[in-house]
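> First, the structure itself, so that you have it in front of you.
Below, the structure is given as structure tokens:
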């Protein structure tokens with residue numbers, strides 16, 4: 550069985566296929582899943598979601614962002630210590646300077 554991401558939304562729990570998620574962003578105690586076909590805002594924090602999704606190819610690139618590495622197209626340097634990740638669909642998410650080395654290890658470069 551393919552794993553699904555449970556998202557509490559409007560009194561129900563929606564089961565989202567992880568491959569459809571580009572990234573997740575936390576804001577004010579809620580998490581928004583940005584997907585190939587739109588977005589979904591659910592309850593909860595990013596920490597528990599990260600623990601669940603990291604074995605499925607997701608990476609905590611910033612304290613507020615969790616990205617699906619399958620959708621990352623490039624690493625964009627902004628300054629000497631600032632980067633972002635370019636994703637499918639012209640989306641970009643920040644890459645914390647503290648997570649840059651971990652990303653390099655994960656990707657093997």
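In the working numbering, the protein residues as written are 550 to 658.
Backbone N, C-alpha and C fix where the C-beta goes; we use that ideal spot for every residue, glycine too.
Computed from a prediction, not measured in an experiment: that's the story for all the values here.
Identify, in the order they occur along the chain, each residue of the same chain with its Cβ nearer than 8 Å to the Cβ of residue 619, setting aside the five sequence neighbours on each side.
Indexing the chain shown from 1 puts residue 619 at position 70. So the qualifying residues of the chain are 568, 606.
> For residue 615, report the span of its beta strand (DSSP E) as first-last.
As a working note, residue 615 is residue 66 in the chain shown. Segment 614-617, the beta strand (DSSP E) holding residue 615.
> Residue 570 to residue 646, Cα distance in whole Å?
To locate residue 570, count along the chain shown from 1; it is residue 21. To locate residue 646, count along the chain shown from 1; it is residue 97. Taking the straight line from one Cα to the other gives about 23 Å.
> Taking 9 Å as the threshold (C-beta atoms), are residue 599 and residue 579 in contact?
Looking up residue 579 in the chain shown gives position 30. Looking up residue 599 in the chain shown gives position 50. No; because the gap between Cβ atoms is not below 9 Å, this pair is not in contact.
> Of the residues 562, 657, 630, which one's Cα is nearest the Cα of residue 644?
Taking the chain shown and counting its residues from 1, the one referred to as residue 644 is at position 95. Ranking 562, 657, 630 by Cα distance to residue 644 puts 630 first.
> Excluding the 5 residues preceding and the 5 following residue 649 in the sequence, name in chain order all residues of the same chain whose CB lies nearer than 7 Å to its CB.
Residue numbering aside, residue 649 sits at position 100 when the chain shown is read from its first letter. Once the five neighbours on either side are set aside, the close Cβ partners of residue 649 are 632.
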